[in-house]
Structures are given as C-alpha cells and as structure tokens.
Amino acid sequence: MTLLGYALALLIGLTLGLLGGGGAILTVPVLHYVLGYGLKESIPMSLVVVGLTSGFGAINHWRAGTVHWRSAFAFAPPAMLGSVLGAELGLRVNSAVQLSVFAVVMLAAAVLMLRPVGSGEPRQPFPLPMLMLVGAGVGLLTGFVGVGGGFLYVPALVLLGGLAIRPAIGTSLVLIVVSCAAGVARYHGSLVFDWRAIALFTGIAFVGVAVGSRLVPHVSQQALKKGFAIFLLGMGTLVLLRGK
Numbered sequence: 000m001t002l003l004g005y006a007l008a009l010l011i012g013l014t015l016g017l018l019g020g021g022g023a024i025l026t027v028p029v030l031h032y033v034l035g036y037g038l039k040e041s042i043p044m045s046l047v048v049v050g051l052t053s054g055f056g057a058i059n060h061w062r063a064g065t066v067h068w069r070s071a072f073a074f075a076p077p078a079m080l081g082s083v084l085g086a087e088l089g090l091r092v093n094s095a096v097q098l099s100v101f102a103v104v105m106l107a108a109a110v111l112m113l114r115p116v117g118s119g120e121p122r123q124p125f126p127l128p129m130l131m132l133v134g135a136g137v138g139l140l141t142g143f144v145g146v147g148g149g150f151l152y153v154p155a156l157v158l159l160g161g162l163a164i165r166p167a168i169g170t171s172l173v174l175i176v177v178s179c180a181a182g183v184a185r186y187h188g189s190l191v192f193d194w195r196a197i198a199l200f201t202g203i204a205f206v207g208v209a210v211g212s213r214l215v216p217h218v219s220q221q222a223l224k225k226g227f228a229i230f231l232l233g234m235g236t237l238v239l240l241r242g243k
C-alpha cells in the first residue's frame, strides 16, 4: 500500500501540472485510506503538501507576471484567519464530520470543474467586503478539511474579483499557499506530523508537476478536466458512503 500511496503522489503532481490545480484534493484520501494515517493527521499533512506544491506553481506564475497582487492582498488576510478558525474547528469536532464535509467538498469541486468558469474577460469587481467574506469562507474549508480551495478561489476571483482566468489561477495559488500555512501553524503542536512522509510525498508530487507541465501541449485540457471531474464525483460518493 505504501508504494501505491507514493505512486498516487506522482499522479496528483501530474494532475496539478496538467490542469494547474484540482489534483491536490486527492491528497487527504491518499494519506488516509492508502497510507493509513488517521484523518486528524492526514488533514494538516495534506495542507503542507498542498501548500508546497502550490508554492511551486505560484513561483512560475509570479515569474510569468500572472499573479494579481491587489486581489491576493484583499483575499489573503481573511483566508488566513478563516483557515486558522477551520483548523481550530477541525481539532474539536469528530473526524466523521470532517470526512463527510470533505466528501461534499469533493463533489462540489467535481461539479465546478464540469462547468465553465467564465469567458476569461475581465469583469467589474465586487465590493471589498464581499471578497473578504469569500476569502474567509474558502480559508475555513482549507483549515477544516485540508483542501487548497483552488477550485473555489479561481471562480471567485473571476466572477467576484473581475480577473481573467490566467491571473485568477496564479493568484489562487498564492492564496492557497498562505491559507495552508495558516492552517498548518494552528495544527502544529496539537497533532503529530510525519515529516519524512511529507517530504517524500511532496518530492514525488513535484516530479509529477514538472512532467505534467511538459505534457500540457500534447493533452486535451477539456477532456482531461472532464475525466478528472467524473473521477472526483466517484471518489466523493465513495468517501461519503464509506466514511472512516
């Protein structure tokens, strides 16, 4: 099972490289169901992996000039606060509740991936309080169930923040990094992290990201996104039915 788990880390990285996001949502189920970590430990360990791999992508977007820093600064503080509160809540509730919420989040991610985000043209941004509220909500989910939230940040940045799709993706990666870091900071000291496993998992995922990025010109993005969304629907349903 250990070999399978780390092979799936490569798959997660490939998906991230090919799609620019989404694949990291599989980190928690791989750590929990395949590598055998408890759910309480899998969630913060996932935050470390997701934060580091997103940071890798964020650096590439920063170099390409596709990070909208004004939007990042608007979303980041409430996202970090929400992540800390989500982690605090995660430490207090039964793991079965977290798993159920995680399954629903997977299903929501699948549905959002099947729908077009927008035309890609810049739109008029919503008022700052609305952006901050959305940032806090996504951050809360990040800390509570260990997902990066890119599948929510991207449409929020496009539809509410008025960004075109590419800068929305780059900005979402920055937000994932800071919200994951905030969640990890709260979990640290309350739960035991297997840092060796995290380092190995992340390193393999990085290899997948590098390979996936090179394969982008040769793969149909729409077909891959649709296939992955259908896979997430199945996975989310399985997690919801199976529970612990």
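Numbering (numbering that gives the first Met the number 0), first residue to last: 0 to 243. Cβ atoms here follow ideal geometry from the backbone N, Cα and C, with glycine treated the same way.
If you scan the segment 165-230 from start to end, which runs of the alpha helix (DSSP H) of 4 or more residues do you find wholly inside it? 194-214
Sequence-distant residues of its chain with Cβ nearer than 8 Å to F227 (five each side left out): T14, L18, G21, G22, M112
Neighbourhood of S41 by C-beta, 6 Å cutoff - its chain only, sequence neighbours within 5 removed: V27, L30, H31
Buried versus exposed, by CB contacts within 10 Å (16 or more), I229: exposed
Which same chain residues end up closer than 7 Å to T1 when comparing Cβ atoms and leaving out the 5 residues on each side of it in sequence? L34
Who are the near neighbours of L25 in its chain, counting only those whose CB is closer than 6 Å to its CB and skipping five residues on each side? I11
In whole angstroms, give me the CA-to-CA distance for V238 and N59. 33 Å
I want to know whether the segment 95-105 touches the segment 44-61 - three or more CB-CB distances under 8 Å. no
Tell me whether A163 sits in a helix, a strand or coil according to DSSP, three-state version. coil
Anyone know if the C-beta pair for G50 and A180 falls short of 8 Å? yes
From which residue to which residue does the alpha helix (DSSP H) around N59 run? 38-63
Work out the CA separation of S53 and L80 for me, nearest whole Å. 19 Å
Kindly list the residues whose CB is nearer than 6 Å to the CB of P77, restricted to its own chain and excluding five residues on each side of it in sequence; keep chain order. M131, G134, A135
Only counting the same chain, and skipping five residues up and downstream in sequence, which positions put a Cβ closer than 6 Å to that of P166? T65, H67
Exposure label - V92; buried when at least 16 CB within 10 Å: exposed
From the DSSP output, in three-state form, read off H67 for me. coil
Under a Cβ-count criterion, where at least 16 other Cβ atoms within 10 Å of its own Cβ denotes burial, should G202 be classed as buried or exposed? exposed
Might you give, ordered along the chain, the residues of its own chain that have their beta carbon closer than 6 Å to the beta carbon of A86, omitting 5 neighbours on each side? G142, G182, R185, Y186
Work out the CA separation of P126 and R195 for me, nearest whole Å. 44 Å
Could you check what DSSP says for L34 in three-state terms: helix, strand or coil? coil
Beta-carbon gap between G37 and L172 smaller than 8 Å: no
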